[in-house]
Amino acid sequence: MRRIRNLMKTPEGMAGFGILATLILVALFAPVLSPGDPLRIAGDPLLAPFVDPAFPLGTDRLGRDVLAGIIHGTRTSLAVGIAAAIAAIAIGLCVGLAAGFAGGLVEEALMRVIDAFQIVPSFLLALAFVSVIGASVPVVVLAIALGAWADPARLTRAQVLSIRERDYVAAARVIGMHPVEIAWKEILPNALPPVLALSAIIVAAAILTEAALSFLGLGDPNIVTWGSMIAEGRNVLRSSPSLSIFPGIALVVTVIGVYLLSEGFGKTLAGSEA
Amino acid sequence: MSALCEIRELEVAYRGNSVPALTNIDLDIHAGERLAIIGESGSGKSTLARTIARLLPAGARVRGEMRWSLGQAPLPGRDMGFVFQDPAASLNPVLTVGEQVAEGARLHLGLTRRTAYERALDMLERVRIPDPAKVLKAFPHQLSGGQRQRVAIAAALAAGPGILIADEATSALDMIVQAEIVSLLDELVREAGMTLIFITHDIALASGFADRVAIFRDGGLVEAGPTGAILTSPKDVYTRALLASHRDLSTPPLISEAAS
Amino acid sequence: MLLIVILLTFLLLESASGDAVDAYLLSIGGGDATVAQSLRQAYGLDQSVFARLWLYVSSLARFDLGWSVAFDRPVLDLIFERLPNTLLLMGSATALSFGLGSALGIVAGARPESAGDRVLSTVSLILYAIPSFWLGLVLSIVFAVQLRWLPTSGIETIASGKTGLTRAADIASHLVLPVGALALIYTALFLRVMRAGMADVWALDFVLFARSKGLSRSRIVLRHVARNALLPLVTMLGLQSAAMLGGSVVIESIFAVPGFGRLAQEAVSGRDAPLLMGIILVSAVLVICINLVIDLLYAALDPRVGASEPAA
Numbered sequence: 079m080r081r082i083r084n085l086m087k088t089p090e091g092m093a094g095f096g097i098l099a100t101l102i103l104v105a106l107f108a109p110v111l112s113p114g115d116p117l118r119i120a121g122d123p124l125l126a127p128f129v130d131p132a133f134p135l136g137t138d139r140l141g142r143d144v145l146a147g148i149i150h151g152t153r154t155s156l157a158v159g160i161a162a163a164i165a166a167i168a169i170g171l172c173v174g175l176a177a178g179f180a181g182g183l184v185e186e187a188l189m190r191v192i193d194a195f196q197i198v199p200s201f202l203l204a205l206a207f208v209s210v211i212g213a214s215v216p217v218v219v220l221a222i223a224l225g226a227w228a229d230p231a232r233l234t235r236a237q238v239l240s241i242r243e244r245d246y247v248a249a250a251r252v253i254g255m256h257p258v259e260i261a262w263k264e265i266l267p268n269a270l271p272p273v274l275a276l277s278a279i280i281v282a283a284a285i286l287t288e289a290a291l292s293f294l295g296l297g298d299p300n301i302v303t304w305g306s307m308i309a310e311g312r313n314v315l316r317s318s319p320s321l322s323i324f325p326g327i328a329l330v331v332t333v334i335g336v337y338l339l340s341e342g343f344g345k346t347l348a349g350s351e352a
Numbered sequence: 003m004s005a006l007c008e009i010r011e012l013e014v015a016y017r018g019n020s021v022p023a024l025t026n027i028d029l030d031i032h033a034g035e036r037l038a039i040i041g042e043s044g045s046g047k048s049t050l051a052r053t054i055a056r057l058l059p060a061g062a063r064v065r066g067e068m069r070w071s072l073g074q075a076p077l078p079g080r081d082m083g084f085v086f087q088d089p090a091a092s093l094n095p096v097l098t099v100g101e102q103v104a105e106g107a108r109l110h111l112g113l114t115r116r117t118a119y120e121r122a123l124d125m126l127e128r129v130r131i132p133d134p135a136k137v138l139k140a141f142p143h144q145l146s147g148g149q150r151q152r153v154a155i156a157a158a159l160a161a162g163p164g165i166l167i168a169d170e171a172t173s174a175l176d177m178i179v180q181a182e183i184v185s186l187l188d189e190l191v192r193e194a195g196m197t198l199i200f201i202t203h204d205i206a207l208a209s210g211f212a213d214r215v216a217i218f219r220d221g222g223l224v225e226a227g228p229t230g231a232i233l234t235s236p237k238d239v240y241t242r243a244l245l246a247s248h249r250d251l252s253t254p255p256l257i258s259e260a261a262s
Numbered sequence: 015m016l017l018i019v020i021l022l023t024f025l026l027l028e029s030a031s032g033d034a035v036d037a038y039l040l041s042i043g044g045g046d047a048t049v050a051q052s053l054r055q056a057y058g059l060d061q062s063v064f065a066r067l068w069l070y071v072s073s074l075a076r077f078d079l080g081w082s083v084a085f086d087r088p089v090l091d092l093i094f095e096r097l098p099n100t101l102l103l104m105g106s107a108t109a110l111s112f113g114l115g116s117a118l119g120i121v122a123g124a125r126p127e128s129a130g131d132r133v134l135s136t137v138s139l140i141l142y143a144i145p146s147f148w149l150g151l152v153l154s155i156v157f158a159v160q161l162r163w164l165p166t167s168g169i170e171t172i173a174s175g176k177t178g179l180t181r182a183a184d185i186a187s188h189l190v191l192p193v194g195a196l197a198l199i200y201t202a203l204f205l206r207v208m209r210a211g212m213a214d215v216w217a218l219d220f221v222l223f224a225r226s227k228g229l230s231r232s233r234i235v236l237r238h239v240a241r242n243a244l245l246p247l248v249t250m251l252g253l254q255s256a257a258m259l260g261g262s263v264v265i266e267s268i269f270a271v272p273g274f275g276r277l278a279q280e281a282v283s284g285r286d287a288p289l290l291m292g293i294i295l296v297s298a299v300l301v302i303c304i305n306l307v308i309d310l311l312y313a314a315l316d317p318r319v320g321a322s323e324p325a326a
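Chains as they are written, first to last, in the numbering used here: chain A, 79 to 352; chain B, 3 to 262; chain C, 15 to 326.
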C-alpha cells in the first residue's frame with residue numbers, strides 16, 4: 079500500500095493509475111455500460127459520430143455501435159494483454175530460475191533456447207503460431223507470451239546468478255535447506271522485483287501485439303477487439319475514417335496509461351534508493 | 003604573501019537540502035602557496051573545492067563573498083585546473099588520452115589541432131609517463147591507476163593554469179603510487195610557481211609538503227594557519243584529536259599510514 | 015541457436031492442423047484421396063516425424079527451404095524476390111529514426127528537466143504508445159486521402175515505364191508513408207533511450223572534469239555526454255531489429271508494399287506453412303546478420319570492447 083501511495087505522488091504515476099483504473103472499471107462493467115452483444119446490428123449502417131445521441135461514436139458498415147465495440151474491446155485488450163504478460167513472466171521466471179540454478183549443460187542449453195527466441199521476430203512467431211493452431215483467445219495469449227518470455231528469462235537468470243553468491247543463500251545452504259526450497263524461499267523473492275518492473279513494458283507490448291494480430295484478421299472472430307474494429311473501418315477508410323480512428327485512440331490511451339504507470343514506478347523506486 | 007582570494011562568510015547549500023554543506027567560512031588563499039584543506043568525509047572540504055572551481059551542481063545556493071585579487075574569478079581550465087579523486091572515473095572512457103589532454107589547451111591557448119597534440123605530448127612527458135607518444139593514442143582503460151592520474155594532472159595543467167585544485171587526488175591510489183603522485187604534484191607546482199589547493203583527509207600526507215593547513219569539520223572551518231604552527235600547537239580540540247590519531251608525525255606519510 | 019529456430023519451425027509445421035496439401039486441395043476446389051496421397055508422397059509428408067525432421071534439416075543445409083504451396087514456387091525464390099523491398103523499408107526507417115531520434119535525444123538530454131526536455135519526453139511517450147499500423151492508417155488518411163500528396167500503396171507506380179532517377183523518385187514517394195509510420199515510433203524509442211543515457215552520463219565524474227577544463231557547453235554535450243550515451247543506443251538498435259522486422263509485416267500490409275512482411279501475411283491467408291516457416295528462418299538469419307554488424311559498430315565506437323588487460 080505504501081508503494082501505491084508513493085506512486086500517487088509522482089504526476090506520471092497518478093495519471094497512469096487514473097487512466098488504467100478507469101479502463102479496468104470500464105472493462106469490468108462493460109455489460110452494464112453497454113448491455114447486449116456489441117457485435118449485434120444496432121442501428122443504421124455508417125452513422126457519423128456525434129450526430130445520433132443513441133450512437134455517440136456512430137456505427138460501422140453493418141450498423142454496429144462503435145462505442146459499444148470500444149467498451150467491450152477494452153475487456154479483450156486488457157485481458158489478453160495482462161494474461162499474456164503473466165504467462166510470459168511465468169515462463170520466463172521458470173526458465174530463468176532453472177538456468178540460473180542448474181548451471182552447466184542445462185544452463186547452456188536453456189540460454190541457447192532463449193537466444194533462439196530473441197532472434198526470431200516475436201510478431202512473426204505469434205503470427206505463425208496463431209495461423210497454424212487457429213485463432214482463439216487462449217491461443218493468442220499463448221502466441222504473444224511465446225514471443226515475450228525471453229527477456230524476463232534472461233533477466234531472472236542474471237538476478238539468480240548474482241543472488242546465488244550472496245551470504246544469506248550460503249547460510250541457507252549451510253543449514254541444509256533443499257536446493258528447491260532455497261530457490262523458492264530465498265532466491266525467487268529477491269529476484270522478482272526487477273523482473274516485475276519489466277512487466278509494464280510487456281503488458282504494453284502484448285496489448286499492441288494483440289491489436290496488430292486482430293488487425294491482420296488473426297484474432298478470435300467471435301470477440302470484438304480494437305484491432306479488428308480498426309481493420310473493419312479500414313474498408314471504408316476514405317468515407318468514414320472515424321471508424322478506424324476511435325478504437326486507435328482507445329489503444330493509444332491504454333498503452334500511454336501503462337507507460338505512465340511504469341514511469342511512475344521507476345521514479346518511486348529511484349526515489350526510495352536515493 | 004598577498005591574498006589571491008579572500009573568502010568571507012561563505013555558505014553553500016545543495017538543492018533540496020536545508021542543512022548547508024558549508025557555513026560561515028572565512029579563509030584566505032595566498033598566491034603561490036600550497037594550502038591543504040583537511041577534513042573527514044562530510045566536512046565540506048570537497049564542497050569548498052567545487053565552490054572555488056565553480057563546479058557545484060545546478061540549484062546549489064552560494065552566499066557570502068569570494069574576492070579574487072585579479073578582480074575577476076579565475077576561468078576554469080585556463081586559470082585553474084582541477085584533479086579529481088578517482089582517475090578511472092574522471093577520464094572519458096571513449097576518447098583518447100591525447101584528445102582529453104589537448105582539448106583544454108586547444109580551447110584556452112588557441113592552438114591548432116596539431117600544436118595542441120604537441121602540447122599534450124609535452125605535458126605527458128612532464129608528468130613523467132613512460133612512452134608518452136604511445137599513451138597519447140591510448141584509451142584510459144589501457145592505463146594503470148597511477149598513469150591515469152598522471153594523465154588527469156596533465157589534462158588539468160594543459161592550458162598552464164596558475165591554480166591547481168587537487169580533490170583527494172591520491173586517495174584512490176595505493177600507497178606507493180600515492181607517494182609518487184604527491185611528489186609529482188609538489189614538483190610541478192614548485193616549477194611553475196602555481197598555487198596548490200590540496201584537499202585530503204590525511205593530515206600526515208598534507209603536513210609533508212603544505213605551507214598552510216585549514217582544518218574543516220561538519221561544514222565549518224575549525225582553524226587555519228601555517229603548517230608548523232598548527233601541528234605543534236593546535237588550538238582546537240578537534241585538531242588535537244586528528245593529530246593524535248597519527249601519533250608520530252615525524253615518520254614519513256607512507257609508514258604512518260600503514261601503521262594506523 | 016539457428017538449429018533451435020529450425021526445430022521450432024519444424025514443430026510448428028508439424029502441429030499445423032491439416033497440412034499444406036489440404037490447403038492446396040481446398041484452394042483448387044477439392045480433390046479425391048488418391049490425389050492427396052500422391053501429393054503427400056511427393057512432398058514427403060507421409061513419412062515418420064524423425065524422417066521428416068531429417069529431410070527438413072538436410073534440405074535446409076542445401077539452402078532448400080521447400081516449396082510454397084500457395085504460389086507453387088520455391089520458398090527461397092519468393093523470399094529473395096521480396097526481401098529487397100523490406101530491406102529498403104527497414105533500412106530507411108532505421109536510418110531516419112536513428113538519426114532523428116539520437117539528435118532529438120541530444121537536444122532533450124542536453125539540459126535535463128528543462129522545458130524543451132519535458133516537451134520532447136512527453137511527445138515521445140505518446141508517439142511510442144501509438145501502434146504503427148494505426149499510425150500508418152492515420153498518415154494515409156491525412157496525406158494520401160485528404161491531401162492527396164502521396165500514393166497510398168505499392169512500392170512504385172505499376173507499368174509506368176519509368177527508369178533511372180525518375181523511377182527512384184517514384185519509389186521514394188511510395189516509401190515516404192510506410193517509412194514514416196515505422197520510423198516515427200522508433201524515433202520516439204531512440205529519443206527516450208538517448209535521453210535516458212545522457213541523463214546517466216551527466217552524473218559521471220568525467221563530465222565534471224570536462225567542465226573543470228572550461229570547455230564550451232556544446233563540446234561537453236556532444237563530445238563527452240552524447241558520445242558515451244550513443245553506446246546504449248547502438249545496443250538498442252540491435253535488440254530492436256527483430257521487432258522492427260515484425261513491425262514491417264503490418265506496415266507492408268497496410269501500404270501494400272510487396273515485401274517480406276506482406277509475404278508472411280499472404281502465407282498466413284494461404285495457409286502456406288512451408289512459406290511461413292521459411293520466412294521465420296530467413297528473418298532469424300537476418301537478425302543474426304544485423305546483430306553481427308551492430309557488434310562491429312559497437313566495437314568501433316567503444317574502445318573498451320575486446321581490449322587487452324591494463325598495460326601495468
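Using N, Cα and C, we set each Cβ at its ideal position, and we do this for glycine too.
Because the structure is a prediction, the values reported are computed rather than measured.
Original post:
What's the gap between the Cα of Tyr-312 (chain C) and the Cα of Thr-234 (chain B)?
Top reply: Those two C-alpha atoms are separated by around 58 Å.
**OP:** Keeping to the same chain, check which residues put their C-beta closer than 6 Å to that of Leu-125 (chain B); ignore five residues upstream and five downstream.
**Re:** Reading off the sequence, residue 125 (chain B) comes out as Met, not Leu. Cβ neighbours of Met-125 (chain B) beyond the five flanking positions: Val-103, Ala-156 and Ala-160.
**OP:** Compute the Euclidean distance between the alpha carbons of Phe-94 (chain C) and Pro-267 (chain A), then round it to the nearest angstrom.
**Re:** Our two residues, Phe-94 (chain C) and Pro-267 (chain A), have alpha carbons roughly 49 Å apart in a direct line.
**OP:** Name the residue from C:Gln-254, C:Leu-102, C:Leu-310 and C:Ser-73 whose alpha carbon lies nearest to the alpha carbon of Pro-88 (chain C).
**Re:** Pro-88 (chain C) has its Cα closest to that of C:Ser-73, out of C:Gln-254, C:Leu-102, C:Leu-310 and C:Ser-73.
Original post:
When the Cα atoms are used, what is the spatial distance from Ala-23 (chain B) to Ser-173 (chain B)?
Top reply: Using only the alpha carbons, I get a separation of about 21 Å.
Original post:
Looking at chain C, which residues of the segment 222 to 235 of chain B have a Cβ within less than 8 Å of any of its Cβ atoms?
Top reply: For the segment 222 to 235 of chain B, there are no residues whose beta carbon sits under 8 Å from a beta carbon of chain C.
Subject >> Nearest-angstrom Cα separation, counted from Ile-301 (chain A) out to Ser-62 (chain A) >> reply: With chain A running from 79 to 352 in the structure shown, residue 62 (chain A) is simply not present.
Original post:
Going by other Cβ atoms of all chains shown within 10 Å of its Cβ, with 16 needed for buried, is Glu-341 (chain A) buried or exposed?
Top reply: Classification of Glu-341 (chain A): buried, given that the 10 Å Cβ count is 16 or more.
**OP:** Spell out whether any CB of chain C is found under 8 Å from the CB atom of Phe-200 (chain B).
**Re:** Nearest CB-CB separation between Phe-200 (chain B) and chain C: not below the 8 Å threshold.
Original post:
What separation, rounded to the nearest whole angstrom, lies between the Cα atoms of Pro-324 (chain C) and Gly-178 (chain C)?
Top reply: The pLDDT assigned to Pro-324 (chain C) is 41, lower than 50, so where the model puts this residue is not dependable; a value taken from the coordinates is nonetheless given after this. If you take the alpha carbons of Pro-324 (chain C) and Gly-178 (chain C), they lie about 54 Å apart.
Original post:
Do we get a CB-CB distance below 8 Å when we pair Ala-129 (chain C) with the residues of chain A?
Top reply: Chain A, which has no Cβ nearer than 8 Å to the Cβ of Ala-129 (chain C), makes this no.
**OP:** Go through its chain and collect everything with a Cβ distance to Ile-178 (chain B)'s Cβ below 6 Å, but skip five positions before and after it.
**Re:** Cβ within range, chain order: n/a, list empty.
Original post:
Would a check of beta-carbon distances place Val-215 (chain A) closer than 8 Å to chain C?
Top reply: Interface criterion not met: the Cβ of Val-215 (chain A) is under 8 Å from no Cβ in chain C.
**OP:** Evaluate contact between the segment 64 to 74 of chain B and the segment 141 to 154 of chain B, counting only Cβ atoms and requiring at least three cross-stretch pairs below 8 Å.
**Re:** Segments in contact, no.
Subject >> Ala-278 (chain C) at chain A interface by Cβ criterion, 8 Å >> reply: Interface flag for Ala-278 (chain C) against chain A is set, since a Cβ pair is found closer than 8 Å.
Original post:
For Ile-334 (chain A), which residues in chain C fall below 8 Å Cβ to Cβ?
Top reply: Listed along the chain, the chain C residues whose CB falls inside 8 Å of the CB of Ile-334 (chain A) are Leu-139, Ile-140 and Ala-143.
Subject >> Short Cβ contact (8 Å threshold) for Thr-332 (chain A) with Leu-101 (chain A) >> reply: Closer than 8 Å, so yes.
**OP:** Ignore the nearest five residues each way along the sequence and tell me which others in Ala-352 (chain A)'s own chain have a CB closer than 6 Å to its CB.
**Re:** Since pLDDT at Ala-352 (chain A) reaches only 38, below the 50 mark, its modelled position is unreliable, and no value is offered.
Subject >> Helix, strand or coil at Ile-165 (chain B) [DSSP, three-state] >> reply: In the structure shown, Ile-165 (chain B) adopts extended strand secondary structure according to DSSP, grouped into three states.
**OP:** Within its chain, find whatever has a CB closer than 6 Å to the CB of Arg-276 (chain C); leave out the 5 residues flanking it on each side and keep chain order.
**Re:** So the qualifying residues of the chain are Glu-266 and Ser-267.
Original post:
Out of C:Ala-84, C:Ser-232, C:Thr-23 and C:Leu-67, which has the shortest C-alpha to C-alpha gap to Arg-285 (chain C)?
Top reply: Answer by Cα proximity: C:Ala-84.
Original post:
Using a beta-carbon distance cut-off of less than 9 Å, what residues from the segment 194 to 219 of chain A approach chain C?
Top reply: Within the segment 194 to 219 of chain A, those residues whose Cβ lies closer than 9 Å to any Cβ of chain C are, in chain order, Ala-194, Phe-195, Gln-196, Ile-197, Val-198, Pro-199, Ser-200, Phe-201, Leu-202, Leu-203, Ala-204, Leu-205, Ala-206, Phe-207, Val-208, Ser-209, Val-210, Ile-211 and Gly-212.
**OP:** Output yes or no for whether 8 Å exceeds the beta carbon distance between Ala-195 (chain C) and Leu-153 (chain C).
**Re:** Yes, the Cβ-Cβ distance between Ala-195 (chain C) and Leu-153 (chain C) is below 8 Å.
Original post:
Could one say the Cβ of Gly-79 (chain B) lies closer than 8 Å to chain C's Cβ atoms, at least one of them?
Top reply: For Gly-79 (chain B), at least one C-beta of chain C is nearer than 8 Å to its own C-beta.
Subject >> Counterpart residues of Ser-292 (chain A) in DSSP-defined beta bridges >> reply: According to DSSP, Ser-292 (chain A) bridges with nothing at all.
Original post:
At a Cβ threshold of 8 Å, is Ser-277 (chain A) touching chain C?
Top reply: False, the Cβ-Cβ gap to chain C never drops below 8 Å.
**OP:** For Ile-222 (chain A), verify whether its CB is less than 7 Å away from any heavy atom of the ligand FMN.
**Re:** In the structure shown, the ligand FMN is absent, as is every other ligand, since no ligand is present at all.
Original post:
So Ile-27 (chain B) is in the beta strand (DSSP E); what residue range does that whole segment cover?
Top reply: 24 to 32 is the extent of the beta strand (DSSP E) around Ile-27 (chain B).
**OP:** Would you kindly work out how many angstroms separate the C-alpha atoms of His-110 (chain B) and Cys-172 (chain A), rounded to a whole number?
**Re:** Straight through space, the alpha carbons of Cys-172 (chain A) and His-110 (chain B) are spaced by roughly 59 Å.
Subject >> Element boundaries [alpha helix (DSSP H), containing Val-133 (chain C)] >> reply: Taken as a continuous stretch (DSSP letters only), the alpha helix (DSSP H) holding Val-133 (chain C) covers 129 to 143.
Original post:
What does a CB cutoff of less than 7 Å around Gly-273 (chain C) pick up in its chain, not counting 5 residues either side in sequence?
Top reply: Counting only Cβ-Cβ distances below 7 Å, and skipping sequence neighbours, we find Arg-96, Asn-99, Thr-100, Leu-103, Ser-262 and Glu-266.
Subject >> chain C residues whose Cβ lies nearer than 8 Å to that of Ser-92 (chain B) >> reply: Proximity of chain C to Ser-92 (chain B) at the Cβ level (cut-off 8 Å) is accounted for by Asp-219, Phe-220, Leu-222 and Phe-223, in chain order.
Original post:
At a Cβ cut of 8 Å, what residues of the segment 313 to 327 of chain A count as close to chain C, listed as they run along the chain?
Top reply: Listed in sequence order: Leu-315, Arg-316, Pro-319, Ser-322, Ile-323 and Gly-326.
**OP:** Kindly give me the distance between the Cβ atoms of Ala-223 (chain A) and Ile-279 (chain A), rounded to whole angstroms, as I take these residues to be in contact under 8 Å.
**Re:** Taking 8 Å as the upper bound for CB-CB distance, Ala-223 (chain A) and Ile-279 (chain A) are not in contact here, some 14 Å apart.
Original post:
What residue from C:Ala-197, C:Val-235 and C:Val-264 has the CA that sits closest to Leu-286 (chain A)'s CA?
Top reply: For Leu-286 (chain A), the nearest C-alpha among the options comes from C:Val-264.
Subject >> Leu-67 (chain C) versus Leu-25 (chain C) - alpha carbon distance >> reply: The alpha-carbon atoms of Leu-67 (chain C) and Leu-25 (chain C) are separated by roughly 9 Å.
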